[in-house]
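Everything in the first sequence is counted per the working numbering, starting at 11 for the first residue and increasing by one.
Built from N, CA and C at the ideal position, the CB exists for glycine as well.
A quick note: this is a predicted structure, and the numbers were derived from the prediction, not measured.
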Amino acid sequence: MSRYNHKDTEAKWQAVWAERRSFETREDPAKPKYYVLEMFPYPSGRIHMGHVRNYTMGDVVARFKRARGFNVLHPMGWDAFGLPAENAAIEAKIHPAKWTHANIDQMRAQLKLMGLSLDWSREIATCDPAYYKHEQRMFLDFLKAGLAYRKESWVNWDPIDMTVLANEQVIDGRGWRSGAFVERRKLNQWFFKITHFADDLLEELDRLPRWPEKVRLMQRNWIGRSTGARVTFRIKGSKDSIEVYTTRPDTLFGASFIALSADHPLAEAIGSRDAQARAFIEECRRLGTSEASIESAEKKGYLTQLKVLHPLAKDWELPVYVANFVLMEYGTGAIFGCPAHDQRDLDFAHKYNLPVRTVVVPVGEGAKSFSVGFEAYTGDGVLANSAFLDGLTVEDAKKKVVARLEALGRGRGEVNFRLRDWGVSRQRYWGCPIPVINCPACGTVPVPEKDLPVTLPEDATFDKPGNPLEHHPSWKHVTCPVCAGPALRETDTFDTFVESSWYFARFCSPKAEAPTDRTAVDYWLPVDQYIGGVEHAILHLLYARFYMRAMRGSGYVSVDEPFAGLFTQGMVCHETYRSADGRWVAPAEIAWNEQGTAIEAATAQPVTVGRSEKMSKSRKNTVDPTEIIMTYGADTARWFMLSDSPPDRDMEWTAEGVEGAWRYVNRLWRAVHQAKPAMAPPGAARPARFDDTEQAVRRAIHKAIDGVTHDLDQFRFNRAVARVHELSNALAELTGQGEGQAWVRREGYDAIARLIGPLMPHLAEALWAALDHEAPLVDEPWPVADPVLLIDEMVTIAVQVNGKLRATVELPRDAVQAEAERVALALPAVVKAMDGRAARRVIVVPNRIINVVV
RNA sequence: GCCCGCCUGGCGGAACCGGUAGACGCAACGGACUUAAAAUCCGUUCUUGGGCAACCGAGGUGGGGGUUCGAGUCCCCCGGCGGGCACCA
Numbered sequence: 011m012s013r014y015n016h017k018d019t020e021a022k023w024q025a026v027w028a029e030r031r032s033f034e035t036r037e038d039p040a041k042p043k044y045y046v047l048e049m050f051p052y053p054s055g056r057i058h059m060g061h062v063r064n065y066t067m068g069d070v071v072a073r074f075k076r077a078r079g080f081n082v083l084h085p086m087g088w089d090a091f092g093l094p095a096e097n098a099a100i101e102a103k104i105h106p107a108k109w110t111h112a113n114i115d116q117m118r119a120q121l122k123l124m125g126l127s128l129d130w131s132r133e134i135a136t137c138d139p140a141y142y143k144h145e146q147r148m149f150l151d152f153l154k155a156g157l158a159y160r161k162e163s164w165v166n167w168d169p170i171d172m173t174v175l176a177n178e179q180v181i182d183g184r185g186w187r188s189g190a191f192v193e194r195r196k197l198n199q200w201f202f203k204i205t206h207f208a209d210d211l212l213e214e215l216d217r218l219p220r221w222p223e224k225v226r227l228m229q230r231n232w233i234g235r236s237t238g239a240r241v242t243f244r245i246k247g248s249k250d251s252i253e254v255y256t257t258r259p260d261t262l263f264g265a266s267f268i269a270l271s272a273d274h275p276l277a278e279a280i281g282s283r284d285a286q287a288r289a290f291i292e293e294c295r296r297l298g299t300s301e302a303s304i305e306s307a308e309k310k311g312y313l314t315q316l317k318v319l320h321p322l323a324k325d326w327e328l329p330v331y332v333a334n335f336v337l338m339e340y341g342t343g344a345i346f347g348c349p350a351h352d353q354r355d356l357d358f359a360h361k362y363n364l365p366v367r368t369v370v371v372p373v374g375e376g377a378k379s380f381s382v383g384f385e386a387y388t389g390d391g392v393l394a395n396s397a398f399l400d401g402l403t404v405e406d407a408k409k410k411v412v413a414r415l416e417a418l419g420r421g422r423g424e425v426n427f428r429l430r431d432w433g434v435s436r437q438r439y440w441g442c443p444i445p446v447i448n449c450p451a452c453g454t455v456p457v458p459e460k461d462l463p464v465t466l467p468e469d470a471t472f473d474k475p476g477n478p479l480e481h482h483p484s485w486k487h488v489t490c491p492v493c494a495g496p497a498l499r500e501t502d503t504f505d506t507f508v509e510s511s512w513y514f515a516r517f518c519s520p521k522a523e524a525p526t527d528r529t530a531v532d533y534w535l536p537v538d539q540y541i542g543g544v545e546h547a548i549l550h551l552l553y554a555r556f557y558m559r560a561m562r563g564s565g566y567v568s569v570d571e572p573f574a575g576l577f578t579q580g581m582v583c584h585e586t587y588r589s590a591d592g593r594w595v596a597p598a599e600i601a602w603n604e605q606g607t608a609i610e611a612a613t614a615q616p617v618t619v620g621r622s623e624k625m626s627k628s629r630k631n632t633v634d635p636t637e638i639i640m641t642y643g644a645d646t647a648r649w650f651m652l653s654d655s656p657p658d659r660d661m662e663w664t665a666e667g668v669e670g671a672w673r674y675v676n677r678l679w680r681a682v683h684q685a686k687p688a689m690a691p692p693g694a695a696r697p698a699r700f701d702d703t704e705q706a707v708r709r710a711i712h713k714a715i716d717g718v719t720h721d722l723d724q725f726r727f728n729r730a731v732a733r734v735h736e737l738s739n740a741l742a743e744l745t746g747q748g749e750g751q752a753w754v755r756r757e758g759y760d761a762i763a764r765l766i767g768p769l770m771p772h773l774a775e776a777l778w779a780a781l782d783h784e785a786p787l788v789d790e791p792w793p794v795a796d797p798v799l800l801i802d803e804m805v806t807i808a809v810q811v812n813g814k815l816r817a818t819v820e821l822p823r824d825a826v827q828a829e830a831e832r833v834a835l836a837l838p839a840v841v842k843a844m845d846g847r848a849a850r851r852v853i854v855v856p857n858r859i860i861n862v863v864v
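Now the structure itself:
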């Protein structure tokens, strides 16, 4: 027996799979399909451990489902547009396309070392015109369908990246990528009308049972549906009125002011003739999103000359403020303030000496005695001081007041969403060009389909800030397809989230003439199991859900929901190391001295060991997957990834852990070779009888098969790994030479090879071949447990006295209750614990526990 | 501030539907093999008391309370950690 050689073995089996085209897939209506997809990577240059974890999990699922008879689609591609390529162009003077493709080549080679069961014939890169031309074509469809539109709007402007960001890309007032404080600017922007599907996107979340509840909740909150009312306040001495949106129309009689957003048209109108108002509005805008601490920003208002009339009471006038805390983008951009029942309104009222009228009284409090002090009352209760609403519950009052407003023509029930339309314009080169032409005579004209794709000019320059497409001398100058006059091409490109919103559909028919081939997408979609990081819980997953609906509307697919199952994996973490002068030190540069303290290998100086954190370049606590694969092999890396930590939780990468996995790989290899001399040949006839030891090991084998099957079905990879360990420990107990043992040994090691097939595919193949099987394991079916062996004949039953364990007893399975009780009560330890007292009650849970109560 | 999740040995974690807490791995310690080391193999390891021992007892799943014959698991309160949203009317 030779030592296990991971390099030769892994290369050999990868070549075998490639040669047999084991993972190339076609539609086959005769077989059940299973579409497994991991979130495709951005080609940053090198794969990292997060990728390894993600793709290992996906590969386990793909190989497992394949063995269980599914026609499995498991593709891979590249999310290839994006800023880093452009930054490389600026910094390293290399063209984004060249940079991107070089990275893809390198990462593909790295991924291939992992032995993933991918159908590489379907590989796509989103920066390829053969991909994005379909995106452009679908955009034209969306435009026709009214799902894409352009509007002048306030945008989040990233002054470093010199581009617009979606709301979702602004984190704590900073650009998600550059970290720069975001400014507010008014620009003409393209939008996708995601709000058109707001209700549907929300409701369908309830029909995604195989999504984590956490993700569904996050999307629910993000969509933010609220039920309320739109109320019209007439302006005193004018025909005009102010519309407000409220979720608490029941508190209308507690109103003491109206507040307008600084961006409200009426506020702007006031500003145009009132210098003080104008100054205030400008102050609000400067604040915008650019201050990190909106939270601490003071609530301020400017009192206008306007008065409005209460819609439900005679001669009740309310003052109108312009306020810095009212958002134009939500509701109507105006609110009515009810200080008694809203904390922010209460603070505002105190600041500007406005009345506080309590109109909801908690149940059990007297209407006279209860009043609001410095804390607004937002709970449930009964209406008071509210005319026709008095005595009603909040719930009933809402209904009644809305009915009254509707009858008077002063308002109506309305639903609002927090969700905003998706701004997709980016002032960047390395993205998909938006296929429209702006003609001074004809306005916005779609690029005719025959002129697609609109490709990026290759000779763009990256030496000055801003959009290279805008700077390009000729690219944007075109003739209008309608009037043939001079016109300008749209120089904005799509947000890269557009490409990732439909790539999974393209994988079904990656070479189709049209964006999709209906036969293919109807066969494969939806994705049965999608796997990726929880950081995409909102943006990517919501956009993709929107996109499927839009694509369905244009006839490209017949499903609304792209991902039937979703699994969000945890992060890969590692200890951090810092030198005395504060530098981060990479794990590869760390050594341990004789006292067991960490030192920097190069300088022999001690380093401080910090807590385990997500692997990141900035903390330098990364471990290079390729180096691990070179040293230990892909199977070791995969095995360690799957061991110990549940896949949805963060895991810690440790050198000891990898070593442990490596030892196990070698132990299994040795065990099979040592067992072989006393092992029945494949397909040997089963002996007529097994002795107790043999029968016990057979039980262990079949329980392992059954357990691992369930574990893999439920993403409990760590448990599956533990079960394989248990099985190999059990097999090691077989030390005899007899015919029965030889047969059980065969059964056991065959089972192990099959069970680790999805987990450590190369080692599994090598063991399978060493076990004298001719055909490769990759085409072998998944083992099936013998149900007879899953049931024990004898069971160990715990015996408690007053809930405390006193003894255990071996009984035949399904023993008669009375018999079990008799045996238990006779046990010396039980008799002792009962101390002469009579049993008041005996609880017998069959095959499990007996509890004697005295 | 609002919403959600989590808390089990030295560590990662097991524990089906409320039924023997600590599977499996890591680490540590002891031993075997070896001139020695590595590798490998065997054994021990929740805490604590008693015993030469096999063993016998007590306590134990963040803290407190409750439901139950029985709670890591269910309920209430408190604490800690993590995540999401955050002027959303």
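Contact belief for P786 with E775 at Cβ below 8 Å, rounded distance in angstroms: Start at 1 with the first residue of the first sequence, and residue 786 comes out as number 776. Start at 1 with the first residue of the first sequence, and residue 775 comes out as number 765. Confirmed, Cβ separation roughly 6 Å.
Assigned secondary structure, P491 (DSSP; H/G/I helix, E/B strand, else coil): Counting from 1 along the first sequence, the entry for residue 491 is found at position 481. If DSSP states are grouped into helix, strand and coil, P491 belongs with coil.
Secondary structure of P259, DSSP reduced to three states: Stepping through the first sequence from its first residue, residue 259 is reached at position 249. In this structure, P259 counts as helix in the three-state DSSP scheme.
Inter-residue spacing [alpha-carbon to alpha-carbon] between S300 and Q615: If you number the first sequence from 1, residue 300 lands on position 290. If you number the first sequence from 1, residue 615 lands on position 605. Summary for S300: the model assigns pLDDT 42, below 50, so the residue's position carries little reliability, and this model does not support an answer.
Rounded separation between A302 and G185 - CA only: For this step, residue 302 is matched to residue 292 along the first sequence. For this step, residue 185 is matched to residue 175 along the first sequence. Unreliable positioning characterises A302 in this predicted model, as indicated by a pLDDT of 41, which lies under 50. A coordinate reading is not provided.
When I204, A119, D115 are compared against L5, the one with the closest alpha-carbon: The structure shown does not extend to residue 5, since the chain is modelled only from 11 to 864, so the question has no answer here.
Cα-Cα separation, A135 to A596: For the purposes of this step, residue 135 is taken as residue 125 along the first sequence, with counting starting at 1. For the purposes of this step, residue 596 is taken as residue 586 along the first sequence, with counting starting at 1. If you draw a straight line from the Cα of A135 to the Cα of A596, it is about 32 Å long.
Buried/exposed call for F517, threshold 16 Cβ in 10 Å: For the purposes of this step, residue 517 is taken as residue 507 along the first sequence, with counting starting at 1. Per the 10 Å Cβ criterion, buried.
Under 9 Å between C-beta atoms of N81 and P42: Looking up residue 81 in the first sequence gives position 71. Looking up residue 42 in the first sequence gives position 32. The beta carbons of N81 and P42 sit closer together than 9 Å.
Exposed unless 16 or more other CB atoms sit within 10 angstroms - verdict on E48: To locate residue 48, count along the first sequence from 1; it is residue 38. Buried: at least 16 other Cβ atoms inside 10 Å.
Runs of beta strand (DSSP E) lying entirely within the region 743-817, each at least 3 residues, in chain order: Counting only runs of 3+ residues, the beta strand (DSSP E) found wholly inside the region 743-817 occupies 804-811, in chain order.
Inter-stretch contact at 8 Å, needing at least 3 Cβ pairs: the region 689-698 / the region 755-775: Yes: at least three Cβ pairs fall under 8 Å.
Burial state of V619 (16 or more Cβ within 10 Å): Here residue 619 is taken as the residue at index 609 of the first sequence, counted from 1. Counting Cβ neighbours within 10 Å, V619 comes out exposed, since fewer than 16 surround it.
Through-space distance from P520 to H712, alpha-carbon basis: Counting from one through the first sequence, the residue named residue 712 turns up at place 702. Counting from one through the first sequence, the residue named residue 520 turns up at place 510. Pairing H712 with P520, the inter-Cα distance amounts to about 42 Å.
Presumed contact (8 Å Cβ cut-off) between L821 and A830, rounded CB distance: Here residue 821 corresponds to residue number 811 of the first sequence, with the count starting at 1. Here residue 830 corresponds to residue number 820 of the first sequence, with the count starting at 1. The pair is a contact, with the Cβ atoms about 6 Å apart (cut-off 8 Å).
Counted within 10 angstroms of its Cβ, other Cβ atoms place P365 as buried (16 or more) or exposed: For this step, residue 365 is matched to residue 355 along the first sequence. Classification for P365: exposed.
Where the beta strand (DSSP E) containing I447 begins and where it ends: Residue mapping note: residue 447 aligns to position 437 of the first sequence, counting from 1. Note, I447: beta strand (DSSP E), 446-449.
Own chain partners of M625 with C-beta closer than 6 Å, once the 5 adjacent residues on each side are dropped: Within the first sequence, numbered from 1, the residue matching residue 625 stands at position 615. Only M59, V582, H584, N631, T632 meet the Cβ criterion.
Buried versus exposed call for K75 [16 or more other C-beta atoms within 10 Å across all chains shown]: Working through the first sequence from its first residue, we reach residue 75 at position 65. Counting Cβ neighbours within 10 Å, K75 comes out buried, since at least 16 surround it.
Boundaries of the alpha helix (DSSP H) in which Y142 is found, first to last residue: For the purposes of this step, residue 142 is taken as the residue at position 132 of the first sequence. In the DSSP assignment, Y142 falls within the alpha helix (DSSP H) that extends over 139-154.
Where the alpha helix (DSSP H) containing V833 begins and where it ends: As a first step, residue 833 is located in the first sequence; it is residue number 823 there, counting from the start. If you look at V833, you'll find it in the alpha helix (DSSP H) that goes 827-836.
Span separating the alpha-carbon of F152 from that of L215: Counting from one through the first sequence, the residue named residue 152 turns up at place 142. Counting from one through the first sequence, the residue named residue 215 turns up at place 205. Whole-angstrom Cα-Cα distance: 23 Å.
The region 401-411 touching the region 472-482, judged by at least three CB pairs closer than 8 Å: No: fewer than three Cβ pairs fall under 8 Å.
Contact check, F91 vs Y142, beta carbons under 9 Å: Stepping through the first sequence from its first residue, residue 91 is reached at position 81. Stepping through the first sequence from its first residue, residue 142 is reached at position 132. In this structure, Y142 lies closer than 9 Å to F91 by Cβ.
Contiguous alpha helix (DSSP H) assignments of at least 4 residues, all confined to the region 701-725: If we require 4 residues or more, the alpha helix (DSSP H) runs fully inside the region 701-725 come out as 702-723.
Cβ neighbours of L3 in the same chain (closer than 6 Å, five flanking residues each side left out): No information on residue 3 is available, as it lies outside the stretch 11 to 864 that the chain covers here.
Nearest candidate by alpha-carbon position, reference N395, set R367, R422, G376: Residue 395 sits at position 385 when you count from the first residue of the first sequence. Nearest option by C-alpha distance: R367.
Bridge-paired residues (DSSP) for N426: For the purposes of this step, residue 426 is identified with residue 416 of the first sequence, where counting begins at 1. In the DSSP assignment, the residues bridged to N426 are S236.
Short Cβ contact (9 Å threshold) for I268 with Y331: Here residue 268 corresponds to residue number 258 of the first sequence, with the count starting at 1. Here residue 331 corresponds to residue number 321 of the first sequence, with the count starting at 1. Going by C-beta atoms, I268 is nearer than 9 Å to Y331.
Rounded straight-line distance, which links the Cα of H84 to that of R420: By 1-based counting over the first sequence, the position of residue 420 is 410. By 1-based counting over the first sequence, the position of residue 84 is 74. Approximately 57 Å, taken between the alpha carbons.
Reduced DSSP secondary structure (H/G/I, E/B, other) of M59: By 1-based counting over the first sequence, the position of residue 59 is 49. Helix.
Alpha helix (DSSP H) segments (min. 4 residues) lying fully within the region 384-445: Secondary structure within the region 384-445: the alpha helix (DSSP H) runs of 4 or more consecutive residues, fully enclosed, are 404-418 (chain order).
Simplified DSSP assignment, three categories, for K196: The residue given as residue 196 occupies position 186 in the first sequence. In this structure, K196 counts as strand in the three-state DSSP scheme.
For F33, the residue or residues it bridges with in DSSP: Start at 1 with the first residue of the first sequence, and residue 33 comes out as number 23. F33 is not bridged to any residue.
Stretch pair the region 745-754 + the region 697-707: three plus CB contacts closer than 8 Å: With a cut-off of 8 Å, the region 697-707 and the region 745-754 count as touching, because enough Cβ pairs lie within range.
Beta strand (DSSP E) runs wholly inside the region 580-638, at least 3 long, in chain order: Qualifying beta strand (DSSP E) stretches, in chain order: 582-589, 600-602, 608-610, 617-624.
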